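Line by line, the protein sequences are chains A and B.
Residue -3 in our numbering sits at position 14 of the first sequence, with consecutive numbering throughout.
Residue 97 in our numbering sits at position 114 of the second sequence, with consecutive numbering throughout.
Just so you know, even glycine gets a beta-carbon here, dropped at the ideal spot from N, CA and C.
Note that this is a predicted model, so its numbers are computed, not measured.
Protein chains: 2
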Amino acid sequence: MNKVGVLWLVGAGPGDPELITLKAVRVLQQADVVMYDALVNEALLQHVKQDAIIQYVGKRLGQHSHTQEAINQLIVEYGRKYSAIVRLKGGDPFVFGRAQEEIAAARAVGMQVQMVPGISSALAVPALQGIPATSRGITDSFWVSTGTTASGQLPDDLPLAAQSRATVIILMGTQQLSVIARLFMQYRKSNTPVAIIQNGSLPKQVFITGTLADIEEKAIVAAIGNPAVLVIGEVVALGW
Amino acid sequence: MNKVGVLWLVGAGPGDPELITLKAVRVLQQADVVMYDALVNEALLQHVKQDAIIQYVGKRLGQHSHTQEAINQLIVEYGRKYSAIVRLKGGDPFVFGRAQEEIAAARAVGMQVQMVPGISSALAVPALQGIPATSRGITDSFWVSTGTTASGQLPDDLPLAAQSRATVIILMGTQQLSVIARLFMQYRKSNTPVAIIQNGSLPKQVFITGTLADIEEKAIVAAIGNPAVLVIGEVVALGW
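Spelled out as structure tokens, the structure:
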């Protein structure tokens, strides 16, 4: 019988290397192989044992990214040779993480899959600026969306989110900022507070606030790009 | 001049004592006072130094809970005497955590406030069952809501959530399960998968799945109560 490794999907958190869980550190220490990508802070690799294989599977400057298919294939190949394969993903693996494709690939060859949740940037990055997802008397819910779907479109559900009183948190939305702001102004006051945090939790973080009416101009002045978290809602005014 | 301590709002995670961050552990180790409540796993108190004050501020069997006002007052009193006061909260302090009231009380007497995000039960508890918040091709967003607002009502925005394709995650919603299921069946197919996880991430966890049509009956059979996480959406079918 062939060896069949275990695939560990592990959340690396939003960037600050202290915002990873004890369980994630333990799993990294026991890993034979660690596959990580661009949103993972490389400082976390200090937890990996000396003789483990460390494999970068993200984008490199001026080079193409590993395709999802290539990553899936690597998981399967490592799974044939090693016991503990860690797929270390920025934030939480189950929040816009394409984890299902990796799970399916691993399962297809009989690998077990284990999950270690991470601190999601969607919540933690605003929180570190004092912006809560919910606050009693202001909002009872929050809605987290990607700004760009697989087909490159704005998500169909965004008008429903705009109509609600939910705090709306959008990842990877800065390129659609103009469209998003105009959509929300159809349903919410144009002075609704908005925040954008780029490279949240890291020393190079950029944080701007404004309103639906002026956030686009402010984002241009601050030269905001991805990875960034966009927060729309009255809770933004609570930030420090 | 009087001493003025720092208030640290620290996320304790969903229950499993390994699902706390390195930063939270470091802050607990340095704390002079740790105030914690019912949703915090007491195993986490092992990180607190020997001579620190440990204060329980949650409900006890057969006794009234500390009121929010009493907790705020304690923060202020400890802040006058000690340097580092930790408010350890289940999950993430900024997800339905009433953190703003504690922040306001601390600030009113000149205390600084610091935030250490935690793993939110809303995301991690489903994730540990293999249920992702989002999955490419199924849903681009997720909506997290409380099931019971401050006024005891169902949140106003729930019909908008029901109309969307978002994964809907409801905390503290089991007592409203019948109303919630009927509302969602107005907009989604009655065989839409639903999961409920009580005491998620802990050995005493109870996990049930069903559909909008039959989840209420199944919850009664399993005698489900709070704290529980309710997940509605096609992603539930991905669970393991």
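Does residue i come out as helix, strand or coil in the three-state DSSP assignment?
i: G62 of chain B; result: helix
i: R119 of chain B; result: coil
i: V189 of chain A; result: strand
i: S124 of chain B; result: strand
i: V69 of chain A; result: strand
i: P176 of chain B; result: strand
i: M98 of chain A; result: strand
i: I86 of chain B; result: helix
i: L(-10) of chain A; result: strand
i: Q38 of chain B; result: strand
i: Q51 of chain B; result: helix
i: A211 of chain B; result: strand
i: Q181 of chain B; result: strand
Can you give the Cα-Cα distance for residue i and residue j, rounded to whole angstroms?
i: G(-12) of chain A; j: D15 of chain A; result: 10 Å
i: Q158 of chain B; j: R90 of chain A; result: 37 Å
i: W(-9) of chain A; j: T175 of chain A; result: 41 Å
i: M18 of chain A; j: V69 of chain A; result: 6 Å
i: R63 of chain B; j: R165 of chain B; result: 51 Å
i: L11 of chain B; j: V31 of chain B; result: 5 Å
i: I36 of chain A; j: Q13 of chain A; result: 12 Å
i: D139 of chain A; j: D123 of chain B; result: 9 Å
i: F125 of chain B; j: L111 of chain A; result: 21 Å
i: V99 of chain B; j: K6 of chain B; result: 7 Å
i: K(-14) of chain A; j: A88 of chain A; result: 16 Å
i: R119 of chain B; j: A133 of chain A; result: 7 Å
i: L28 of chain A; j: D20 of chain A; result: 12 Å
i: A67 of chain A; j: E84 of chain A; result: 19 Å
i: I86 of chain A; j: V177 of chain A; result: 36 Å
i: A148 of chain A; j: G216 of chain A; result: Note on identity: in this sequence residue 148 of chain A is Arg, with Ala being the wrong assignment. One C-alpha to the other measures close to 8 Å.
i: A82 of chain B; j: V40 of chain B; result: 14 Å
i: Q136 of chain A; j: I207 of chain B; result: 40 Å
i: A109 of chain B; j: A211 of chain A; result: According to the sequence as given, residue 109 of chain B is Pro; it is not Ala. Their Cα atoms are separated by approximately 25 Å.
i: S184 of chain A; j: A26 of chain B; result: 28 Å
i: K72 of chain B; j: V96 of chain B; result: 15 Å
i: T117 of chain B; j: A(-5) of chain A; result: 18 Å
i: D197 of chain B; j: A107 of chain B; result: 24 Å
i: K201 of chain B; j: E60 of chain A; result: 42 Å
i: N55 of chain A; j: I3 of chain B; result: 29 Å
i: V127 of chain A; j: V(-7) of chain A; result: 20 Å
i: I179 of chain B; j: E199 of chain B; result: 10 Å
i: Q33 of chain A; j: H49 of chain A; result: 25 Å
i: A53 of chain B; j: Y65 of chain B; result: 18 Å
Thinking C-alpha only, which one of the options is nearest residue i?
i: M155 of chain A; options: A:N209, A:P0, A:L143; result: A:N209
i: G113 of chain B; options: A:D75, A:G113, A:G216; result: A:D75
i: P186 of chain A; options: A:D(-1), A:L5, A:V(-7); result: A:D(-1)
i: V204 of chain A; options: A:R171, A:T132, A:I121, A:T192; result: A:T192
i: G80 of chain B; options: B:S66, B:L57, B:Q51, B:Q56; result: B:Q51
i: A145 of chain B; options: B:Q136, B:D20, B:Y61, B:S173; result: B:S173
i: Q188 of chain B; options: B:Q29, B:K(-14), B:P(-3); result: B:P(-3)
i: P115 of chain B; options: B:V(-7), B:E84, B:G222; result: B:G222
i: I153 of chain B; options: B:I58, B:N24, B:V23, B:S103; result: B:S103
i: N182 of chain A; options: A:S147, A:K201, A:G93, A:N24; result: A:N24
i: V162 of chain A; options: A:H49, A:L106, A:P142; result: A:P142
i: V214 of chain B; options: B:V78, B:Q136, B:T129; result: B:T129
i: T150 of chain A; options: A:Q95, A:F167, A:L160, A:A53; result: A:F167
i: F77 of chain A; options: B:V(-7), B:T4, B:A196, B:I121; result: B:I121
i: L195 of chain B; options: B:S184, B:A206, B:A220; result: B:A220
i: R9 of chain B; options: A:V8, A:R9, A:E1; result: A:E1
i: T131 of chain B; options: B:Q38, B:L160, B:A107; result: B:L160
i: I58 of chain A; options: A:G93, A:D34, A:Q33; result: A:G93
i: L22 of chain B; options: B:G101, B:Y170, B:Y65, B:E199; result: B:G101
Identify every run of the beta strand (DSSP E) within the stretch 128 to 166 of chain A, keeping only runs that are complete inside it and at least 3 residues long; order them along the chain. Considered as a whole, the stretch 128 to 166 of chain A harbours 150 to 154 as its complete beta strand (DSSP E) runs of no fewer than 3 residues, in chain order.
Could you pull out every unbroken alpha helix (DSSP H) segment of at least 4 residues lying fully inside the stretch 4 to 34 of chain B, listed in chain order? Within the stretch 4 to 34 of chain B, the complete alpha helix (DSSP H) runs of at least 4 residues are 5 to 13.
Of all the residues that make up the stretch 121 to 137 of chain B, which are near chain A by a beta-carbon distance shorter than 7 Å? Taking 7 Å as the Cβ-Cβ cut-off against chain A, the residues of the stretch 121 to 137 of chain B that qualify are D123, S124, F125, W126, V127, S128, T129, T132, A133.
Taking only beta carbons into account, state which residues of the stretch -2 to 12 of chain B come closer than 9 Å to chain A, listed in chain order. Under the 9 Å Cβ criterion, the stretch -2 to 12 of chain B contributes D(-1), P0, E1, L2, I3, T4, L5, K6, A7, V8, R9.
By the 8 Å beta-carbon criterion, what residues does the stretch 171 to 190 of chain A contribute toward chain B? Listed by position along the chain: nothing, the set is empty.
Check distances from the C-beta atoms of the stretch 78 to 92 of chain A to those of chain B and list, in chain order, the residues that come in under 7 Å. Within the stretch 78 to 92 of chain A, the residues whose Cβ lies closer than 7 Å to some Cβ of chain B are V78, F79, R81, A82, Q83, listed in chain order.
Would you list, in chain order, the members of the stretch 106 to 121 of chain B that have their beta-carbon closer than 9 Å to a beta-carbon of chain A? So the list reads L106, A107, V108, P109, A110, L111, Q112, G113, I114, P115, A116, T117, S118, R119, G120, I121, given in the order they occur along the chain.
Contact list for the stretch 140 to 164 of chain A against chain B, Cβ threshold 7 Å: Flagged, chain order: D140, L143, Q146, S147, R148, A149.
Please identify, using Cβ separations under 8 Å, the residues of the stretch 11 to 41 of chain A that lie next to chain B, in order along the chain. Hits within the stretch: zero.
Taking a cut of 7 Å between CB atoms, which residues from the stretch 64 to 75 of chain A lie near chain B? Correct list: D75.
Listed in chain order, which residues of the stretch 197 to 214 of chain A have Cβ atoms closer than 7 Å to some Cβ of chain B? Listed by position, the residues of the stretch 197 to 214 of chain A near chain B (Cβ gap below 7 Å) amount to none.
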